[in-house]
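Peer 1: Numbering (the numbering used here), first residue to last: 29 to 138.
Dropping a structure here in structure tokens format, bear with me for questions.
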């Protein structure tokens, strides 16, 4: 039979009781009020792991190229010439934004 613990003792030593349940020292406690069982303190069941989303599930379904950046000149130039070259490579930004970029006003220090 699991140990009986009165309500006051359970309130004062709840963290100790939970620790005993977590470590496996105890399997359950019966909390009593006025000498009568009122509640049962038991550990939660371990979480069920979702095996459908684990690493390696797609192994063999696609092929990773040897060089991911081989066909992307802009990304390759960013790595080769640095971040300051990105203002010249971005044709869609305004002239004002490009000037701010070159001056270092947008986070880049050239």
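Glycine is no exception: its CB is placed at the ideal position from the N, C-alpha and C atoms.
If you're wondering where the values come from, they're calculated on a predicted model, not measured in any experiment.
1) What residues match up with residue 60 in a beta bridge as DSSP calls it?
2) Going by DSSP, what residue range makes up the alpha helix (DSSP H) through residue 43?
3) Give me the Cα-Cα distance between residue 39 and residue 74, rounded to the nearest whole angstrom.
4) So, residue 60 versus residue 66, is the Cβ gap smaller than 8 Å?
5) When we look at the beta-carbon of residue 57 and count the other beta-carbons within 10 Å, is it buried (16 or more) or exposed?
6) Would you kindly work out how many angstroms separate the C-alpha atoms of residue 89 and residue 46, rounded to a whole number?
7) Which of helix, strand or coil does DSSP assign to residue 136?
Peer 2: On the basis of the data shown:
1) Sequence index remark: in the chain shown, residue 60 carries index 32 (1-based). According to DSSP, residue pairing for residue 60 in a beta bridge involves 34, 65.
2) Start at 1 with the first residue of the chain shown, and residue 43 comes out as number 15. Here the alpha helix (DSSP H) through residue 43 covers 42 to 51.
3) If you number the chain shown from 1, residue 39 lands on position 11. If you number the chain shown from 1, residue 74 lands on position 46. Residue 74 has its alpha-carbon roughly 25 Å from the corresponding atom of residue 39.
4) On the chain shown, position 32 is the one that residue 60 refers to. On the chain shown, position 38 is the one that residue 66 refers to. Pairing residue 60 with residue 66 gives a Cβ-Cβ distance under 8 Å.
5) On the chain shown, residue 57 is found 29 positions in, with the first residue counted as 1. Answer is buried; the Cβ neighbour count reaches 16.
6) Counting from 1 along the chain shown, the entry for residue 89 is found at position 61. Counting from 1 along the chain shown, the entry for residue 46 is found at position 18. Each residue's Cα considered, the two are about 45 Å apart.
7) The residue you call residue 136 lines up with position 108 of the chain shown. Only weak support is given to the placement of residue 136: the predicted model assigns it a pLDDT of 46, under 50, and the value that follows is read from those uncertain coordinates. Coil.
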